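Participant:
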Amino acid sequence: MARILGSLTTSHVPAIGGAIARSLHTDPYWKPFFDGFGPVHRWLQDARPGVVVVFYNDHGLNFFLDKMPTFAVGAAAGYGSADEGWGIPTVPSFTGHAPLSWHVVEHLVGCDFDLTTCQEMLVDHAVTVPMTLLWPGRDWQDRGIKLLPIHINTVQYPLASAARCYALGRAVGEALASWPGDERVLVMGTGGLSHQLDGQRAGFINKDFDLQFLESLVHEPRWATRYSIHELVEKTGTQGVELVMWLAARGALEGAGVAKVRRTHQNYHIPISNTASGLLLLEPA
Ligand code: DHB
Ligand code: FE
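In terms of the numbering used here, the sequence shown is residues 36 to 320.
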């Protein structure tokens, strides 16, 4: 059985990549955000993940509106990034873990999830920015860290429900628990928290909801699954709905047999670009 180290969920705003490129870590605007990662870096020194399973949404780099899978699992030997037009650097490519990917795919299809499997896949800022936040040296290759990316569509309607995303995560956790290898696995979810980039409510942020959501992930992880996608958009903004990645990551812990979690670290800061930035590290209790 893979060893589940915990779940790390975070926002994935492209401007963070720009701030890193310009070394703005101690700039007053950015400091409260970057300081949130100090405890995570210390935790990673002991946790030493060998595999990162990341739930994220592609924003038009690998999938465009003409072909948009609801759920897609990477099963490639490696994953590159590319210029998305945000003006942020591309990063060194990620090594994949194809055998584990196919094990996850077989379990998910066996659980009636109708997936797209990707033997070629580029990953966008929703993966590259959070990975750089965790490993600022972008030395995941040298560290032998492998990536297993799982895309959940939050861009092209209709979207899978929050409950369905939780169930997907749960099934991924079951697959990790039934994997015969002893890999040290960190589950990640990226996106959110509340933000809206377009329309009349552009700039919308809902701190009350975000904080309630963060609390719920510790003790009542299905709390947000009571809401429909449209209710979540109303409460968190058109892009705030990316919080389903956090639900999938939390579901993966449950599916892997983690009955209780403890909150090792949390940070919440408004705003980063247009987004309420959140960071939550949960470990098996
Ligand atoms: C922003 C946030 C996102 O989640 C994203 O994918 C792109 C931009 C922003 O706040 O600028
Ligand atoms: Fe996004």
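All residues carry an ideal CB built from backbone N, CA and C; glycine is no exception. All figures in this text were calculated on a predicted structure; none of them were measured in a lab.
1) What's the C-alpha gap between LEU252 and THR163?
2) Quick one: what's got a C-beta closer than 7 Å to VAL144's C-beta in the same chain, skipping five residues either side?
3) Curious, which full-length beta strand (DSSP E) runs of at least 3 residues does the region 228-314 contain?
4) Between the region 190-203 and the region 49-60, are three or more C-beta pairs nearer than 8 Å?
5) Compute every distance between the C-beta of ASN309 and the non-hydrogen atoms of ligand 1, then say whether any falls below 7 Å.
6) Taking ILE307 and SER128 to be in contact with their CB atoms under 8 Å, please state how far apart those CB atoms are, rounded to whole angstroms.
7) Report the three-state DSSP secondary structure of TYR201 (helix, strand or coil).
8) Quick check on DSSP: helix, strand or coil for THR163?
9) Using 8 Å as the cut-off, can you tell me whether the region 205-220 makes contact with the region 247-267, which would need three or more C-beta pairs spanning the two stretches below that distance?
10) What is the DSSP secondary structure of PHE99, reduced to helix, strand or coil?
11) How about ALA320 and PHE90: are their beta carbons less than 8 Å apart?
12) Under three-state DSSP, which class holds ALA133?
13) Near ARG205, which residues of its chain fall below 8 Å by C-beta distance, leaving aside the five closest residues on each side in sequence?
14) So GLU318 and GLY109 are supposed to be a Cβ contact under 8 Å. How far apart are they, rounded?
15) Whose beta carbon lies closer than 6 Å to any heavy atom of ligand 2, going through the chain in order?
16) For a quick check, are the C-beta atoms of ILE185 and VAL87 less than 8 Å apart?
17) Would the beta-carbon of GLY272 fall within 8 Å of that of ARG297?
18) As a quick exercise: from GLY71, VAL48, ARG83 and TYR64, pick the residue whose alpha carbon is nearest that of ARG38.
19) Is it buried or exposed, THR175, if we count other Cβ atoms within 10 angstroms and call 16 or more buried?
20) What does the Cβ neighbour count give for LEU135, buried or exposed, with the cut at 16 atoms within 10 Å?
21) Below 6 Å CB to CB, which residues in the same chain sit around PRO124 once its five sequence neighbours on both sides are set aside?
22) Leaving out five residues on either side along the sequence, give the residues of the same chain with a beta carbon under 6 Å from the beta carbon of ALA198.
23) From the DSSP output, in three-state form, read off ILE123 for me.
24) Look up VAL139 in the DSSP assignment and say whether it is helix, strand or coil.
25) Let's test the definition: count the other Cβ atoms within 10 Å of the Cβ of ALA161 and tell me whether it reaches 16, buried, or not, exposed.
Facilitator: Looking at the coordinates:
1) 24 Å
2) LEU150
3) 296-307
4) no
5) yes
6) Rounded, the Cβ-Cβ distance is 26 Å, inconsistent with contact.
7) helix
8) helix
9) no
10) strand
11) no
12) helix
13) GLY286, ALA287, GLU289 and GLY290
14) Rounded, the Cβ-Cβ distance is 25 Å, inconsistent with contact.
15) HIS47, HIS94, ALA161, GLY226, GLN274 and GLU277
16) no
17) no
18) ARG83
19) In the sequence under discussion, the amino acid at residue 175 is Trp, which differs from the Thr named in the question. So TRP175 counts as buried.
20) buried
21) ALA56
22) THR260
23) coil
24) helix
25) buried
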